[in-house]
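Everything in the sequence shown is counted per numbering that gives the first Met the number 0, starting at 0 for the first residue and increasing by one. No residue lacks a Cβ here, since even glycine has one placed at the ideal position from N, Cα and C. The structure appears right after this line, and notes come after that.
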Amino acid sequence: MKHAVQEKLLSFVVSVYDVDEYLPAFLQSLLDQSAGLDNLELIFVIDGSPDGSADIINEWKVRHLPSAIVHEQANAGPSAARNSGLEYVTTEWVSFPDPDDVLRSDYLATVLSFLETKPAKSVDLLVTNLLSLNDSTGEVTNGHPLRVRFNKKLQIVDLNRHPNYIHLSAATGFYRTGVVSGTELRFDERVKPNFEDAHFTARYLFKSLNPRIAFLRDAEYLYRKREDGSSLVQTSWQKPEKYVDLPKFGYLDLLQKANDDLGYIPEWTQNLVLYDIFWFMREDDRMHSATANIAPGLADAFHRTLSDIVEHIDEHVIADFRVIKTNWYHRQQLIHKFKRKPVQFTHVSVNALEKDKQMIRLRYYFSGKLPREEYRARGYIIEPVHAKVQTYRLFGHEMMCERIVWLPATGTISLALNGHRIPLSPGDFPDTPYLLAPSRMWKSLAGTSVPPMGPAPIEEAANNQSVSFSARVKAGLKDGQRLVNEQISRAETRSVASTARKLVLGLVASQQREPNGTVSLRGFGPRRTRSYMGALPAEFEDYSAFDVRVIKEIARSKEVRQLFARAWVLMDRDSEAHDNAEHLYLYLNTNRQDINSWFVLSRDSKDWGRLQASGARLIEHGSPEHLILLMNCEHLVSSQVDHYVVHPYAPRMFGRFSWKFTFLQHGVSKDDVSRWLNRKPIDLLITASKLEYEEFIENGGPYRFSSKDTVLTGMPRFDRLQELAKGQGPGKSRQLLLMPTWRRWLLGETISGGNLRETKKEFWDSAYAKAWIGLLESEELRDFASIHNLDVAFMPHPNMRPYLSDFPCPSHVSIHSYEDTDVQALLANGAALITDYSSVAFDGAYIDIPVIYYQFDKSDFFSGNHVFRAGEWSYDTNGLGPVVEEEDKVLEALRDIACNDFLPDAVYAERISETFPLRDSNSCERVVNAIEELSRPLTYAEAYQRVVAPAPTAQDEGAVTAVK
0 MKHAVQEKLL SFVVSVYDVD EYLPAFLQSL LDQSAGLDNL ELIFVIDGSP DGSADIINEW
60 KVRHLPSAIV HEQANAGPSA ARNSGLEYVT TEWVSFPDPD DVLRSDYLAT VLSFLETKPA
120 KSVDLLVTNL LSLNDSTGEV TNGHPLRVRF NKKLQIVDLN RHPNYIHLSA ATGFYRTGVV
180 SGTELRFDER VKPNFEDAHF TARYLFKSLN PRIAFLRDAE YLYRKREDGS SLVQTSWQKP
240 EKYVDLPKFG YLDLLQKAND DLGYIPEWTQ NLVLYDIFWF MREDDRMHSA TANIAPGLAD
300 AFHRTLSDIV EHIDEHVIAD FRVIKTNWYH RQQLIHKFKR KPVQFTHVSV NALEKDKQMI
360 RLRYYFSGKL PREEYRARGY IIEPVHAKVQ TYRLFGHEMM CERIVWLPAT GTISLALNGH
420 RIPLSPGDFP DTPYLLAPSR MWKSLAGTSV PPMGPAPIEE AANNQSVSFS ARVKAGLKDG
480 QRLVNEQISR AETRSVASTA RKLVLGLVAS QQREPNGTVS LRGFGPRRTR SYMGALPAEF
540 EDYSAFDVRV IKEIARSKEV RQLFARAWVL MDRDSEAHDN AEHLYLYLNT NRQDINSWFV
600 LSRDSKDWGR LQASGARLIE HGSPEHLILL MNCEHLVSSQ VDHYVVHPYA PRMFGRFSWK
660 FTFLQHGVSK DDVSRWLNRK PIDLLITASK LEYEEFIENG GPYRFSSKDT VLTGMPRFDR
720 LQELAKGQGP GKSRQLLLMP TWRRWLLGET ISGGNLRETK KEFWDSAYAK AWIGLLESEE
780 LRDFASIHNL DVAFMPHPNM RPYLSDFPCP SHVSIHSYED TDVQALLANG AALITDYSSV
840 AFDGAYIDIP VIYYQFDKSD FFSGNHVFRA GEWSYDTNGL GPVVEEEDKV LEALRDIACN
900 DFLPDAVYAE RISETFPLRD SNSCERVVNA IEELSRPLTY AEAYQRVVAP APTAQDEGAV
960 TAVK
């Protein structure tokens, strides 16, 4: 570093590489600083940038800040560039902003203002507030995981007292230059592709015995989230060094340096490393994770180093980690896998009770071999009614296992593991076993919330006006606080009852006029009441407290409870029907009129008129009627498991749901969707194929499901499909079907929380669009269809519907959508089916249509970019047709099918038979029986039928010792 008279207080060292698109905005944000640039030393390091960044900076320097230093060097990476820049620093404080980001106009003024205060003298590190800047929309959001550090305008934190207040970014940190230069501290160039900032920051803080950090909320730094996902942070998951160099030279090296420099590893340092490790676990836990296809060699290297890292971290620090909200099972995985102590079973959670089935659920975690279990009830050693072992893995490596057991809840139970009696504790495992937070103290011992220590967070509304629910949420009201009773006066309570009563009477009138028609609260009753319903907000979240009370009052009324008594609510997508739920509803309507069944659908759907004309009892999705129905129903049954189906309203407003949810599935599950389905509130999972069923309930597999909640019945839609196929006689036109699935990365955000999606402009340049357009426009495909007298039909997945109207298709190809086509009729006419990864192949194969899998983007599809990961099911060894990757191979496979009279080859015919053990027309009946079974109590014989031997007498109790 240069040693000169300090004329300025702050320095920026800016590493520049390939940012010419973003540089102008960064440079302009410097010029816009309200404090000016007189107190700023600006050092640019051009790190071999191949674009026009150097020209932009040099021109800007000449025009605006001649004193700026520009250093150019061959590309060596951001750490090396920052180290080069440090040689020029002459000021008291230095920071390292990135040139693709932006600073608020008062950024420097806020920092300089604080540095003039007395508390600044004792601060080692100054940290500014990082916000996220959306590159495409310009929207600025405050969603950083560590944003709690900026709850106050200024927080000065002693890290040893508050080890959760970690900091990782050099871009938003200001460091004392004297400490950096005096210890010759530099960025470690081996640490990449990230964490080099945290590594540098932690080693800097090691220089202080009691490191203190000042967090400045009003100094806002806007981190740019690039639209193309090309920033270093956004692309780091694809880099091999993320799994090799980073753990070794970043995490492990930092822990070892702490031990060498300080003689111990501070808890805040352990938290810093854990924070980054938990992001690995979170990423791999995501359904569309970028780590889905990590190479086995990289996974092995990561786990070897991770084992060494965790040895340096105290168990209580892992168990009680709360820097950010972290899954309990993630923390337990590190403890079970790497702390290398004998398994000690000190706690078994009893955290669920099935009232109807009269069963309870026990859970405990273990690693290695399943312990020897002894379950006792009613004087006998019994076997569980249902049991499962779910395995948790990180990058394919087993971390730990969870034992899930269901026992009868009608007798006193006990459990011994490996000969030791284990305490049974109602409720979930304690989230922080070594810490007792005030919220737990007051809730468990006093049955109330922690009393406030200051003024209420929300001021009284002006003129005593009612505050809406959404406004109070935005103001920071917690879920546990009572909203409705506080906001409704006595007069309003009378108005609630009156309004609700009039609406109920109107509903009764509508039912008397149309007993089998659509239920509506809006078409009848006094005009003023009808106007009230029409003025309700479109989103439940925006209902006022008055609205919430009215809806609850209606739902509790005798008439409504009678109307929706023990109701079954069925729905497919909110925007369309035609799937398993509609087929099951039609079956109920015809064969089980004793069941109070209703069908939910958007009124804008093209299927609404068709179903209404058929006499279906429809409820509009997202309407108050939908809400009231759900508050009274017994079963929710759907082919979809998205948020708008299973969580259509906020429990904090209307109470927790009590229905049982049956997931009919949209198609046969062949890939690993455990990361998606395990989080869903599924009480009954319907399957149609043998291998699919076995994979769901398999011990040691990734799914939480067992024989308790999974049944092999066949899909409801298969009944009609088979009947249609039988009705296809000679002389009818046949179809060559092209039915690809969707790609998550080619769709935008959901529209209004439903199933429809926004489009992306890059779709038409994607491999997906080019491959399918190429096949559709193929002259060979046209000639093949003509020779065999086939019509060519193109029908992509419903999620691709936004692109369908613009899809270029030649005249001999007809385009179909799920919205306006009878899919089953189309399949029943099929001569051959070309798909990619779609489960529609199972539908086709179910009626013996030959299948071809056209998989031109296999690596991308299973890389985690889509919602699926490859599971045990293999397209090559279990697929129902040949797998090809090139267009000419598709045509070759079609010619082979034609030579076999458009029947599946013998190999695939045998696989089809093995896949579908139930090929009849009784799927709907089996599904209904399974749903009804959910509410039937176990008989004594069923609950205790697996008796092994009488329990030992008191004299034999020595065989089982209690854990003290």
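Residue i classed as buried or exposed, judged by whether at least 16 other C-beta atoms fall within 10 angstroms
i: Met399; result: buried
i: Cys898; result: exposed
i: Met799; result: buried
i: Arg371; result: exposed
i: Ala73; result: exposed
i: Asn842; result: According to the sequence shown, residue 842 is Asp rather than Asn. Label assigned to Asp842: buried.
i: Glu776; result: exposed
i: Met440; result: exposed
i: Leu435; result: exposed
i: Val147; result: exposed
i: Ile833; result: buried
i: Pro795; result: buried
Proximity of residue i and residue j at Cβ, strictly below 8 Å
i: Leu973; j: Asp790; result: The question about residue 973 has no answer, for the chain in this structure spans 0 to 963.
i: Leu720; j: Gln823; result: yes
i: Gly249; j: Phe194; result: yes
i: Phe277; j: Thr325; result: yes
i: Thr661; j: Asp641; result: no
i: Gln357; j: Leu937; result: yes
i: Gly76; j: Lys191; result: yes
i: Glu91; j: Arg185; result: no
i: Glu871; j: Glu694; result: yes
i: Gly188; j: Ala79; result: Gly is not the amino acid found at residue 188; the sequence shown has Glu there. Taking 8 Å as the Cβ cut-off, Glu188 and Ala79 qualify as a contacting pair.
i: Phe861; j: Asn292; result: yes
i: Glu691; j: Val672; result: no
i: Leu253; j: Ile312; result: no
i: Tyr977; j: Arg742; result: With the chain covering only 0 through 963, there is no way to say anything about residue 977.
Residue i (DSSP reduced to helix, strand or coil)
i: Asp955; result: Because the pLDDT of Asp955 is 41, which lies under 50, any placement of that residue in the model is unreliable, and the number read from its coordinates should be weighed accordingly. Here Asp955 sits in helix by DSSP.
i: Trp763; result: helix
i: Glu6; result: coil
i: Asn57; result: helix
i: Ile846; result: coil
i: Gly829; result: strand
i: Trp567; result: strand
i: Trp771; result: helix
i: Pro454; result: Low per-residue confidence applies at Pro454: pLDDT is 40, beneath 50, and the placement is therefore not dependable enough to give any value.
i: Gln32; result: coil
i: Gln561; result: helix
i: Ala213; result: strand
i: Glu353; result: strand
i: Ala792; result: strand
i: Asp307; result: helix
i: Cys808; result: coil
i: Asn133; result: strand
i: Ile627; result: helix
Nonlocal neighbours in the same chain, by C-beta distance under 7 Å from residue i, ignoring five residues either side
i: His63; result: Leu30
i: Asp578; result: Asp571, Ser638, His665, Arg716
i: Ile334; result: Glu314, Ile317, Ala318
i: Thr182; result: Lys206
i: Ser366; result: His335, Lys336, Val342, Met399, Cys400
i: Val889; result: Leu774, Ile833, Ile851, Tyr853, Val883
8 Å Cβ shell around residue i - same chain, five flanking residues per side excluded
i: Gly426; result: Ser348, Val349, Asn350
i: Ser104; result: Ser28, Asp31, Gln32, Ser33
i: Thr140; result: Leu130, Ser131, Asn133
Sheet register partners of residue i (DSSP bridge)
i: Val69; result: Phe43
i: Gly172; result: Val126
i: Phe95; result: In DSSP, Phe95 forms no bridge with anything.
i: Pro425; result: Val349
Own chain partners of residue i with C-beta closer than 6 Å, once the 5 adjacent residues on each side are dropped
i: Val18; result: Ser52, Pro98, Asp99
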